[in-house]
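Student: Note that UniProt numbering gives residue 22 to position 22 of the sequence shown, counting from 1, and the numbers run on in steps of one.
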Amino acid sequence: MSRPIATTVLALALLACEGAPNESAPPTAPAGSVVDRDSAPEEFRQFQRETGYPHSYAEYDELPGFQQCGSACGQKRTSGERQRAHLCEQGVIDPAEC
């Protein structure tokens with residue numbers, strides 16, 4: 001069997017398996033995963049209002065680091081913020097920009 005046909009057959013077999021995602025049905029959130037927007041700290045909500053930050057407080061910990069707002073929204077510093085602070089301490093970045 002050629003590779004494209006084998007790949008297609010495998011894909012169809014996987015889709016036919018019990019428990020395969022049904023693309024016509026909307027995804028459902030796991031039970032207990034919804035966090036009330038009002039439970040977000042005021043600093044986070046204010047950052048969202050001022051900047052239009054699109055991510056919720058509930059999903060924050062699951063976001064990749066480059067999408068986290070870090071200390072700007074009252075959360076722990078991101079790895080990028082820590083790296084920048086280190087470069088400032090080492091004098092690699094101009095002190096006027098630190």
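Even for Gly, the Cβ is constructed at its ideal location relative to N, Cα and C. Nothing here was measured: the structure is a model prediction, and the numbers come from that model.
Look at the Cβ atom of Ser56, then the Cβ atom of Gly65, and state whether they are nearer than 8 Å.
Tutor: No.
Student: Can you tell me which of the three DSSP states Leu63 falls into?
Tutor: Three-state result, Leu63: coil.
Student: Thinking C-alpha only, which one of Ala85, Glu50, Ala40, Gln83 is nearest Glu59?
Tutor: Closest option to Glu59, Cα to Cα, is Ala40.
Student: Any idea what DSSP makes of Arg45, helix, strand or coil?
Tutor: In this structure, Arg45 counts as helix in the three-state DSSP scheme.
Student: Hey, quick one: how far does the alpha helix (DSSP H) through His86 stretch, first residue to last?
Tutor: Residues 79 to 89.
Student: To the nearest angstrom, how far is it from the Cα of residue 103 to the Cα of Glu89?
Tutor: Residue 103 lies beyond the residue range present for the chain, which begins at 1 and ends at 98; the question has no answer from this structure.
Student: Can you tell me whether DSSP reads Ser39 as helix, strand or coil?
Tutor: Looking at Ser39 - three-state DSSP - the assignment turns out to be helix.
Student: Applying the 10 Å Cβ sphere with the 16-neighbour rule, what's the burial state of Cys98?
Tutor: Exposed, because fewer than 16 other Cβ atoms sit within 10 Å of the Cβ of Cys98.
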